[in-house]
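**Student:** Protein chains in written order, with this note's numbering: chain A, 337 to 629; chain B, 7 to 418. Backbone N, C-alpha and C fix where the C-beta goes; we use that ideal spot for every residue, glycine too.
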Amino acid sequence: MDVKREEAGISLATTAGRRPWRQRLPKRWYAHVILIVAILITGFPVYYAAVVATQSNTQIFNYQLTPSTYLARNWDLVIYERQLPRYMVNSVIVALVMTTGKAALALLAGMAFVFFRFPGKWLVFGFVLITLMMPTEVMAIALFRLVGIRLQWGGYDAMVVPFIASATGTFLFRQHFSSIPAELSEAAQIDGANPLQFLWRVLIPISWNAIAALFVIQFLYAWNQYLWPLMVVQEPTLRPVQVGLRTMRSGTETGDSFGPLMLGAVLVSLPPLIVFIALQKQFMSGFALTRDK
Amino acid sequence: MYAVSPLILLALVALAGGGWSAWRARAQGADPAIRSRPQLWGLLGAASAAVGAAVLLAPLNFCPFELDGDGNADQLNVLIGIFLLVAGAYLVHRVVMLLVGRWLRGEGLPGAGETRPGTFRGPAARLFALLCLAPTLTILAIFLYYPMFDTFQLSTQLARLGAPRTRFVCMRNFNQLLSDPDYGRTLLVSFFLAAFIVVFSLAFSLLIAQMAYRPITGGRIYRALLVWPYALSPVIAGIIFQLLFHNTAGVLNHILDTLFGFEVSWLLDPSIAPWTVIVASIWNILGFCILFYIAGLQNVPDDLLEAAAIDGASAWQRFFSITFPLLAPITFFLVVTTTTYAFFDTYGLIDFLTAGGPVESTTTMMYEVFEVGVVARNLGSAAARSLLLFGIVIGVTIVQFRFSRGRVMYGS
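As structure tokens, this is what we get:
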């Protein structure tokens, strides 16, 4: 697997520690300066948003950079009145079902491409490969006509089912399985394992890294989806978070709109941030694995 | 009535395809398996070109070549028709010749895969493989291939959301777009945003990655603090930057006013709003680029840089003649990813930040597809816009691929 990654030009191996030449370089003060400035610029927008989440609309005009007293009021508005938890639950369900379904379907398809021979395999392969060049955004209008109008879907089904098959996932697992020594499936067959047992007992246990890679890529994708749910989900209570944030935009009777909106934005960002930071290595290796087809 | 009979058109295309293929088969350097059968090769070329020409135009009943009521041909339509004719013929001809060529040379078909030891055999295994693939293939066929087909179909129809019936209008949706100055502006806005988002995010991320990849005190902390904004959605980026750049409540204008005594209409001035969108997009996607550039830089072999340094190459020379060429595959990957981001994913960001305004100065092609198709309920025109957007993104990707091919150095 590592060899494949090297070929793709992406290696995750950190070789710090065995670089005598670079360590002899003088300490570069300007590198620190650039990095600190970059971090401040990157971090400031979110920090300021978090601060404003604790302010009322009149307090915003003080432009203070420390938390204020309005958090409880904004919290009540976002959580109880504007029902953010409901949108969170919708997004969690959609993201988990979509990622699990994608992983399952992609595991099966990837396995079929590597461990089986069947007539017309190259045709099926091409059929899946070409979909990588068909962005869903481009056919959103026609997909909406099919799903929203003809099938009359407008909830979880509309958000999950059309996207549950993934060419990316299929190729990720195909790539991963191709790097597994053939002796493994030979041995399994000699031991009399059928394909299903082979999948369950051998393939899945050695594929957790690839599964995690697919999970983190697809979780971010599902959680951050906006355009499609905006088009297709009619029932307000079934909206996912990104669409639900729209309801935080409208102000209250007292005119507070920034505080609640920022609080909503910060809360909505937490799940993908946690997943991304916890599984950063897997995220990268997922891209590395799908890169060379 | 047609300006030119479809049969004559197909015959011309077949002649061209056949002639070209037969000539190629006789040319020096052609494969012996092909050289020995120039007639077969020519016939195949003629047939595949004719089929390709018909594949796009037959569903349209060759309507771009039709004459209107007064017996005149629309020049623009004829041009579109010729383009479809040539594009279809080229694609099908190319694919068929490639596949048959491989087959004649006995190389097997692409993607068939070598027979690995350890392959499950027998009819039961074949059935199992079919069952494994069935869900993926079904979903892709229904929810990707069919909508793709339907987008083509819709783009030739007068179709409105909620109206039960549609009417075939040939190329009218496209004609209207191509003669619409507003559409030209939308195109320009999309390219403007994409160009600056791609160039700036790659340049900044490479600079920052250069600083952060080497063993530096606190390197791990620096790297962790730099890459996370990618996990946030474009919608969140739009919300947060609206707060920063807001005209009256924005903190940025407050800072500018206190320090320098002036303010900028970040979101209300049509000549500045696109830049605000660009800045927010770069903020959103920069971490992703940094992540990949750091990984790439850690892969640049040390001895190469060391040798160059000993030979007296300056830091700039080392960067441009060693590091940058070795990073080319990653640069190419990032160019394609950020281009896709700029054309498609900025939708949510723009919707929250500027809502396409002011005066439509941040209305991108993707934004307009939604506005026209869902808000204004004109499905036909939205489908035509989608197809043009699709063609442009594919075209841009091909150009990027061509441009990078001479420069990309693969392998370690």
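In three-state DSSP terms, what is Leu599(A)?
**Tutor:** Helix.
**Student:** Relative to the C-alpha of Phe349(B), which candidate in Gly363(B), Val380(B), Ser392(B), Leu359(B) has its C-alpha closest?
**Tutor:** When only C-alpha atoms are compared, the closest one is Ser392(B).
**Student:** I want to verify the contact list: residues of chain A whose CB lies under 7 Å from the CB of Gly379(B), in sequence order.
**Tutor:** Near Gly379(B) (Cβ distances below 7 Å), the residues of chain A are Ile477.
**Student:** Does the stretch 310-321 of chain B come close enough to the stretch 224-238 of chain B to have 3 or more Cβ pairs within less than 8 Å?
**Tutor:** Contact fails: fewer than three Cβ-Cβ distances are below 8 Å.
**Student:** Any C-beta of chain A within less than 7 Å: which residues of the stretch 258-273 of chain B qualify?
**Tutor:** Those would be His260, in chain order.
**Student:** Would Ser54(B) and Met103(B) be called neighbours here (beta carbons separated by less than 8 Å)?
**Tutor:** Contact: yes.
**Student:** Looking at chain B, which residues of the stretch 544-573 of chain A have a Cβ within less than 9 Å of any of its Cβ atoms?
**Tutor:** For the stretch 544-573 of chain A, which is checked against every Cβ of chain B, the residues closer than 9 Å are Leu556, Trp559, Asn560, Gln561, Tyr562, Leu563, Leu566, Met567.
**Student:** Look at Leu231(B) and Ile375(A) and say whether their C-beta atoms are less than 8 Å apart.
**Tutor:** Yes; because the gap between Cβ atoms is below 8 Å, this pair is in contact.
**Student:** Between Ala448(A) and chain B, is the shortest Cβ-Cβ distance under 8 Å, so that the two count as touching?
**Tutor:** By this cut-off, Ala448(A) is an interface position.
**Student:** Distance, Cα to Cα, Thr162(B) vs Leu97(B)?
**Tutor:** Thr162(B) and Leu97(B): Cα-Cα distance of roughly 21 Å.
**Student:** Give a yes or no on whether 8 Å exceeds the smallest Cβ distance from Phe68(B) to chain A.
**Tutor:** Taking Cβ atoms only, chain A never reaches closer than 8 Å to Phe68(B), which makes this a no.
**Student:** Taking Cβ positions only, does Ala439(A) come closer than 8 Å to chain B?
**Tutor:** No, no contact with chain B.
**Student:** Taking the DSSP output, what are the residues bridged to Leu164(B)?
**Tutor:** Note: Leu164(B) sits in a beta bridge opposite Arg173(B).
**Student:** Going by DSSP, name the residue or residues bridged to Glu72(B).
**Tutor:** In DSSP, Glu72(B) forms a bridge with Tyr8(B).
**Student:** With a cut-off of 8 Å, does the C-beta of Arg178(B) fall near any C-beta of chain A?
**Tutor:** Chain A contact via Cβ: absent.
**Student:** Taking the straight line between their C-alpha atoms, what separation do you get for Phe294(B) and Val233(B)?
**Tutor:** One C-alpha to the other measures close to 6 Å.
**Student:** Sort Phe155(B), Thr403(B), Arg178(B), Arg408(B) by Cα distance to Met469(A) and report the nearest one.
**Tutor:** When only C-alpha atoms are compared, the closest one is Thr403(B).
**Student:** Verify the CB distance criterion: does Leu208(B) have a CB-CB separation below 8 Å to chain A?
**Tutor:** Closer than 8 Å: no.
**Student:** With 16 other CB atoms within 10 Å as the buried threshold, where does Leu502(B) fall?
**Tutor:** Chain B is shown only over 7 to 418; residue 502(B) falls outside these bounds and no answer can be derived.
**Student:** May I ask you to verify whether the stretch 605-617 of chain A touches the stretch 393-409 of chain A, counting CB pairs closer than 8 Å and requiring at least 3?
**Tutor:** No, the stretch 605-617 of chain A is not in contact with the stretch 393-409 of chain A.
**Student:** How about Ile415(A): is its C-beta nearer than 8 Å to some C-beta of chain B?
**Tutor:** Cβ-Cβ to chain B under 8 Å: no for Ile415(A).
**Student:** Can you look up Asn384(B) in the DSSP assignment and give me helix, strand or coil?
**Tutor:** Reduced to three states, the DSSP call for Asn384(B) is strand.
**Student:** So if I threshold CB-CB distances at 9 Å, which residues from the stretch 611-627 of chain A count as touching chain B?
**Tutor:** Flagged, chain order: Val611, Phe612, Ile613, Gln616, Phe619, Met620, Phe623, Ala624, Arg627.
**Student:** In the DSSP assignment, find the unbroken alpha helix (DSSP H) run with Leu535(A) in it and report its ends.
**Tutor:** Looking at the DSSP string, Leu535(A) is not in any alpha helix (DSSP H), and its letter there is neither H nor E.
**Student:** Identify every run of the alpha helix (DSSP H) within the stretch 487-551 of chain A, keeping only runs that are complete inside it and at least 4 residues long; order them along the chain.
**Tutor:** With a minimum length of 4 residues, the continuous alpha helix (DSSP H) runs that stay inside the stretch 487-551 of chain A are 492-496, 503-514, 518-526.
**Student:** Alpha carbon to alpha carbon, how far is Leu550(A) from Arg364(A)? Give it in angstroms, no decimals.
**Tutor:** Their Cα atoms are separated by approximately 38 Å.
**Student:** Does the beta-carbon of Pro307(B) have 16 or more other beta-carbons within 10 angstroms, so that it is buried, or is it exposed?
**Tutor:** It counts as exposed.
**Student:** Under the DSSP definition of a beta bridge, which residues are partnered with Phe180(B)?
**Tutor:** Paired residues: none, contrary to the question.
**Student:** Is the number of C-beta pairs between the stretch 238-256 of chain B and the stretch 572-584 of chain A that are closer than 8 Å three or more?
**Tutor:** Short answer: they touch.
**Student:** Would DSSP call Lys617(A) helix, strand or coil?
**Tutor:** Here Lys617(A) sits in helix by DSSP.
**Student:** With H, G and I counted as helix, E and B as strand and the rest as coil, what does DSSP make of Ala79(B)?
**Tutor:** Strand, per DSSP.
**Student:** How about the stretch 441-448 of chain A and the stretch 495-511 of chain A: do they share at least three Cβ pairs that are nearer than 8 Å?
**Tutor:** They touch, by the three-pair rule.
**Student:** If I'm right that Ala79(B) touches Leu73(B) with Cβ under 8 Å, what's the distance once you round it to whole angstroms?
**Tutor:** At roughly 5 Å, the Cβ-Cβ gap stays under 8 Å, so Ala79(B) and Leu73(B) are in contact.
**Student:** With a threshold of 8 Å between beta carbons, is Phe198(B) in contact with chain A?
**Tutor:** Output row for Phe198(B): interface = no.
**Student:** Please confirm if the stretch 174-182 of chain B is in contact with the stretch 378-388 of chain B, defined as three or more CB-CB distances below 8 Å between the two stretches.
**Tutor:** Cβ pair count under 8 Å is three or more, so yes.
**Student:** Along the chain, which unbroken stretches of the alpha helix (DSSP H) at least 4 residues long are found entirely within the stretch 408-494 of chain A?
**Tutor:** Counting whole runs of 4 or more residues, the stretch 408-494 of chain A contains the alpha helix (DSSP H) stretches 420-451, 457-466, 476-480.
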